[in-house]
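Engineer: Read in numbering that gives the first Met the number 0, the sequence shown has 117 at position 118, and its numbers run on one by one without any break.
All residues carry an ideal CB built from backbone N, CA and C; glycine is no exception.
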Amino acid sequence: MELPTGLFIDGASRAAHGGGRTVLINPADEQPFAEVAAADESDIAAAVESAHRAWEGGWRDLAPGKRTEILFNVARKLREQVDEIGRIECLNIGKPIADARDEAGLGARVFEYYAGAVTKFFGQTIPVSRGGFDFTLRESMGVVAAIVPWNFPFPIACWKAAPALAAGNCVILKPASLSPLTALKLGEIAHAAGLPPGVLQVLPGSGSAIGDALVTHPLIRKISFTGSTEIGRHIMGLAARNLSRVSLELGGKSPNIVFADADWQRAADSSPMSVFANTGQDCCARSRMFVERSVFEPFVERFIAATRRIRVGDPTDDKTELGPMVSAGQRASVEEFIADARKQGSVVASGGGRTHAKGWYLDPTVLLGVGKGDRCWREEVFGPVVAIVPFDDEAEMLREVNDSPYGLSGSIWTSNLSRALRVSRAVQSGVLSVNCHNSVHVEAPFGGFKTSGLGRDLGMAAMEGYTELKNVYVAD
Ligand code: NAP
Ligand code: MG
């Protein structure tokens, strides 16, 4: 497996100007396995200027059919390399290989979708009252900065880059320091597939060191960010300087609501992976479970049994369902949450400790009796921890569901159609699933309410976010 190790600027791989490098450590065995260039501010400036030239010099004005052709070619090349991309992600962040491969395929699918979208996203003609001819255009913005996290590095990189490129923008992709490899691979593959130099550039580097320079660069017209609410807020503040556009996909504390009239056995069997998948490092994790009291006890028993069947272990094994956490620091932060819950009197009904001597593993943890003011109830844990509480009354439960600064995702389990529709309207979140846990569809908008975000990824909604709307009026 050949690992990319340079910055990807202007269609080529090269060292950072200042010689900076980041050591990557395999979360499954805690061993360093590669070093990758870390960009500094001068690399940012060079990349943004080259991207701007590539935009003005061609990508912006390329015939839509040609843009479609290139993006389809990128998708095709990504499909050919799904196994390789999956293996790299597995090594880099400890993601189970089966999931890593699926996510590589999802990235390819995203490019297919937006390759097709180039010619299906358009303006309108408007019958203005004074007559004449009025029409709107959807124009590209210029250079977009896409700043992405380490939990789903490849698909998130694709679902920002693909619509931005489809809309005619050039993209600077900044992966998380912990997970630069598949983003760099994307840059290489896209270039080999015919994307002109400068159109997509990948700059690994520390967010705290170069983030501000990237976000405030005067040629950056839009920042598309996925990560913590804290950094999202910081970026939005900085973006005010140039009135750059922002879209933010941030944290969550998503509910999973199980009514007694549901097929609650199916809910109990499937719900553990709605919070523990990706070792809980998922902004959509259903970390607050509300279960109607009449089925609470048998539900919890079955949920715990299903949790204990989850295969935690070597991420390179095809049968593994949960790998280690991404870093020692991330695990320590989750362990603090669990210690805090114990101190507050919560019951650890399953898990709570480490499962392996080597590697940043953490057992999927089920908490009962968590207080509504406790950290584990209110804050995003971003690890394999769920709190399950009973409820008696629908309206009161919904007040508690919505009593959160977050509003990203959630699941509702019921066999009553009216209730499913009523509760779907009442829950304040950007994405909901009924009788399943699927939050992400390439074709549908994805994003949050309240402090979970601003703007939407995926679907045609993402295309809107990467274009400016122009109105042209022509007199009779
Ligand atoms: P983070 O700091 O928000 O990182 C996300 C991305 O932002 C990374 O590429 C990061 O780069 C970059 N970044 C950091 N500081 C920046 C700045 N000042 N300007 C521009 N970009 C900057 O998230 P984290 O520290 O990795 O994780 C902390 C917590 O965030 C997690 O425990 C979790 O609660 C939440 N989180 C949420 C999501 C999500 O999907 N919504 C994803 C990841 C984390 P570096 O990696 O170089 O710092
Ligand atoms: Mg951070």
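Do T476 and A44 have their C-beta atoms within less than 8 Å of each other?
Structural biologist: Residue 476 cannot be examined here, being either before or after the span of the chain that is shown, 0 to 475.
Engineer: Would you call F306 buried or exposed, if buried means 16 or more other Cβ atoms sit within 10 Å of its Cβ?
Structural biologist: Mapped onto the sequence shown, residue 306 falls at position 307. First, the amino acid is wrong: residue 306 is Thr here, not Phe. Buried is the call here.
Engineer: In whole angstroms, what is the alpha-carbon distance linking V109 and V142?
Structural biologist: Within the sequence shown, the letter at position 110 stands for residue 109. Within the sequence shown, the letter at position 143 stands for residue 142. Each residue's Cα considered, the two are about 20 Å apart.
Engineer: Taking the alpha-carbon positions, what's the R13 to V35 distance?
Structural biologist: Counting from one through the sequence shown, the residue named residue 13 turns up at place 14. Counting from one through the sequence shown, the residue named residue 35 turns up at place 36. Straight-line Cα distance between these residues: approximately 10 Å.
Engineer: Count the other CB atoms within 10 Å of the CB of Q200; is the residue buried (16 or more) or exposed (fewer)?
Structural biologist: Here the question's residue 200 lines up with position 201 in the sequence shown. That one is buried.
Engineer: With respect to 7 Å, is the separation between the Cβ of I230 and the closest non-hydrogen atom of the ligand MG below this value?
Structural biologist: Position 231 of the sequence shown holds residue 230. Yes, the beta carbon of I230 sits closer than 7 Å to at least one heavy atom of the ligand MG.
Engineer: For A261, which of helix, strand or coil comes out of DSSP?
Structural biologist: Locating residue 261 in the sequence shown gives position 262, counting from the first residue. Looking at A261 - three-state DSSP - the assignment turns out to be coil, as it is neither helix nor strand.
Engineer: So, for L198: in the same chain, excluding its five sequence neighbours on each side, which residues have a beta-carbon less than 6 Å away from its beta-carbon?
Structural biologist: By 1-based counting over the sequence shown, the position of residue 198 is 199. It should be pointed out that residue 198 corresponds to Val in this sequence rather than to Leu. Hits under 6 Å: A53, W58, C169.
Engineer: Please work out which residues of its chain come closer than 8 Å, Cβ to Cβ, to L23, disregarding the five sequence neighbours upstream and downstream, and give them in chain order.
Structural biologist: Here residue 23 refers to the residue found at position 24 when the sequence shown is read from its first residue. Cβ within range, chain order: P31, F32, A33, E34, V35, N91, L177, P179, L180.
Engineer: Closest to T228 by CA distance: which of V347, P148, V81, W359 is it?
Structural biologist: One-based indexing of the sequence shown puts residue 228 at position 229. For the residues V347, P148, V81, W359, the minimum Cα distance to T228 belongs to P148.
Engineer: What residue range is occupied by the uninterrupted beta strand (DSSP E) comprising R485?
Structural biologist: In the structure as shown, the chain begins at 0 and stops at 475. Residue 485 is therefore absent and cannot be evaluated.
Engineer: Give every residue of the same chain whose Cβ lies closer than 8 Å to the Cβ of G130, excluding the five residues on either side of it in the sequence, and list them in chain order.
Structural biologist: Mapped onto the sequence shown, residue 130 falls at position 131. Only D475 meet the Cβ criterion.
Engineer: Where do the ends of the beta strand (DSSP E) carrying T225 lie?
Structural biologist: Residue 225 sits at position 226 when you count from the first residue of the sequence shown. From DSSP, the beta strand (DSSP E) with T225 extends over 219-225.
Engineer: Is the beta carbon of V311 sitting closer than 8 Å to the one on Q280?
Structural biologist: Here residue 311 corresponds to residue number 312 of the sequence shown, with the count starting at 1. Here residue 280 corresponds to residue number 281 of the sequence shown, with the count starting at 1. No; because the gap between Cβ atoms is not below 8 Å, this pair is not in contact.
Engineer: For S243 versus I222, is the C-beta distance shorter than 8 Å?
Structural biologist: Here residue 243 corresponds to residue number 244 of the sequence shown, with the count starting at 1. Here residue 222 corresponds to residue number 223 of the sequence shown, with the count starting at 1. Contact flag set, yes.
Engineer: Give the DSSP-derived three-state secondary structure of Q343 in the structure shown.
Structural biologist: Taking the first residue of the sequence shown as position 1, residue 343 is located at position 344. Coil.
Engineer: I need the straight-line Cα distance from D60 to G204, nearest angstrom please.
Structural biologist: As a position in the sequence shown, residue 60 is number 61, starting the count at 1. As a position in the sequence shown, residue 204 is number 205, starting the count at 1. Whole-angstrom Cα-Cα distance: 31 Å.
Engineer: Assuming contact is defined by CB atoms lying nearer than 8 Å, are S423 and L249 in contact in what I supplied?
Structural biologist: Taking the first residue of the sequence shown as position 1, residue 423 is located at position 424. Taking the first residue of the sequence shown as position 1, residue 249 is located at position 250. Contact: no.
Engineer: Locate the alpha helix (DSSP H) running through D133, then write down its first and last residues.
Structural biologist: Taking the sequence shown and counting its residues from 1, the one referred to as residue 133 is at position 134. No alpha helix (DSSP H) contains D133, which is instead part of the beta strand (DSSP E) from 132-139.
Engineer: If I measure Cβ to Cβ from A327 and keep anything under 7 Å in the same chain, skipping five residues before and after, which residues do I get?
Structural biologist: Counted from its first residue, the sequence shown places residue 327 at position 328. These residues qualify, in order along the chain: W359.
Engineer: Looking only at DSSP bridge pairs, what is A145 linked to?
Structural biologist: Reading the sequence shown from its first residue, position 146 is the one you call residue 145. Paired residues: L172, S223.
Engineer: Drop a sphere of 10 angstroms on the beta-carbon of Q329, count the other beta-carbons inside from all chains shown, and report buried for 16 or more, exposed for fewer.
Structural biologist: For this step, residue 329 is matched to residue 330 along the sequence shown. Its Cβ being crowded by 16 or more others within 10 Å, Q329 is buried.
Engineer: Since L23 is in the alpha helix (DSSP H), which residue starts that stretch and which ends it?
Structural biologist: By 1-based counting over the sequence shown, the position of residue 23 is 24. Note, L23: premise wrong, no alpha helix (DSSP H); beta strand (DSSP E) at 20-25.
Engineer: G382: beta carbon under 7 Å from a heavy atom of the ligand MG?
Structural biologist: Along the sequence shown, one-based indexing puts residue 382 at 383. No, since every heavy atom of the ligand MG falls outside the 7 Å radius drawn around the Cβ of G382.
Engineer: Alpha carbons only, please: which of A259, G210, N150, M140 is nearest the one belonging to A419?
Structural biologist: Reading the sequence shown from its first residue, position 420 is the one you call residue 419. Of A259, G210, N150, M140, the residue nearest in Cα terms is A259.
Engineer: Do G167 and S207 have their C-beta atoms within less than 8 Å of each other?
Structural biologist: Counted from its first residue, the sequence shown places residue 167 at position 168. Counted from its first residue, the sequence shown places residue 207 at position 208. No, these two residues do not count as a Cβ contact at 8 Å.
Engineer: Give a yes or no on whether the minimum CB-CB distance between V365 and chain D is below 8 Å.
Structural biologist: Here chain D cannot be found, since the structure has a single protein chain.
Engineer: Answer yes or no: the CB of S227 versus the heavy atoms of the ligand MG, is any distance below 7 Å?
Structural biologist: The residue you call residue 227 lines up with position 228 of the sequence shown. Correct: S227 has its Cβ closer than 7 Å to the ligand MG.
Engineer: Applying the criterion that 16 or more other CB atoms from any shown protein chain within 10 Å of the CB defines a buried residue, is Y405 buried or exposed?
Structural biologist: Taking the sequence shown and counting its residues from 1, the one referred to as residue 405 is at position 406. By the neighbour-count rule (16 or more Cβ atoms within 10 Å), Y405 is buried.
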